[in-house]
Amino acid sequence: MSKQHFTTKHANAATVQHNWYVVDGTNQTVGRMCAKIAAVLRGKNKAYFTPHVDCGDFIVLINADKVKFTGNKLEEKEYIHYTGYPGGQKSELAKDLLKRRPEAVIETAVKGMLPKNRLGRKMFKKLFVYAGAAHPHGAQQPKALQF
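Mapping the sequence shown onto the numbering used here, position 32 (from 1) lands on 81, and the numbers just tick up by one.
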């Protein structure tokens with residue numbers, strides 16, 4: 050009498066397939082869009098997700114300058130960083146940062162949603178953010194990803 054044995058498939062670096070996706074940030078809410086991007090970067094959308102393996106996909110985000118904030122966050126949210134020198138704590142409002150460097154808004158949000166270790170840093174390198182509609186990743190033939 051034979052028994053069926055079911056084994057769980059675990060991904061490793063050799064078996065993982067990394068796909069390329071392009072996301073349009075026009076009229077997307079920053080937090081909701083970045084949470085979905087972080088899940089794809091981690092590979093949580095795949096059936097063989099393994100926490101200790103980088104099984105996520107590459108994301109190209111275009112039109113980062115056209116994202117939106119809900120409520121009064123555009124006027125009140127502050128992005129703070131410290132230069133390392135005494136008196137070197139700098140802050141900038143979301144509307145000013147979105148105007149000066151829109152990529153930084155998305156990168157900061159996504160980086161905060163990824164693991165804080167070397168694997169998270171490796172996942173973050175698969176995110177490419179561009180303020181306009183043009184991007185240099187046409188050779189990878191990214192598929193459109195809708196949220």
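C-beta atoms are modelled at their ideal positions from N, C-alpha and C, and glycine is treated no differently.
Secondary structure at residue i, three-state DSSP: helix, strand or coil?
| i | result |
| --- | --- |
| L90 | helix |
| Q189 | helix |
| D114 | helix |
| K201 | The requested residue 201 is not part of the displayed model; the chain covers only 50 to 196. |
| A84 | helix |
| K58 | coil |
Looking at the secondary structure, which residues open and close the beta strand (DSSP E) in which residue i lies?
| i | result |
| --- | --- |
| L142 | Q138 to L142 |
| L110 | F107 to I111 |
| Y128 | E127 to Y131 |
How would you label residue i, buried or exposed, when you count the other beta carbons within 10 angstroms and need 16 or more for buried?
| i | result |
| --- | --- |
| G161 | exposed |
| G63 | According to the sequence as given, residue 63 is Ala; it is not Gly. Label assigned to A63: exposed. |
| P135 | exposed |
Using DSSP bridges, identify the partner residues of residue i.
| i | result |
| --- | --- |
| V102 | V102 is not bridged to any residue. |
| V79 | According to DSSP, V79 bridges with nothing at all. |
| V72 | L110 |
Item to check | Length at least 3, wholly inside the region 137 to 179: the beta strand (DSSP E) runs in chain order | outcome: 138 to 142 and 176 to 178
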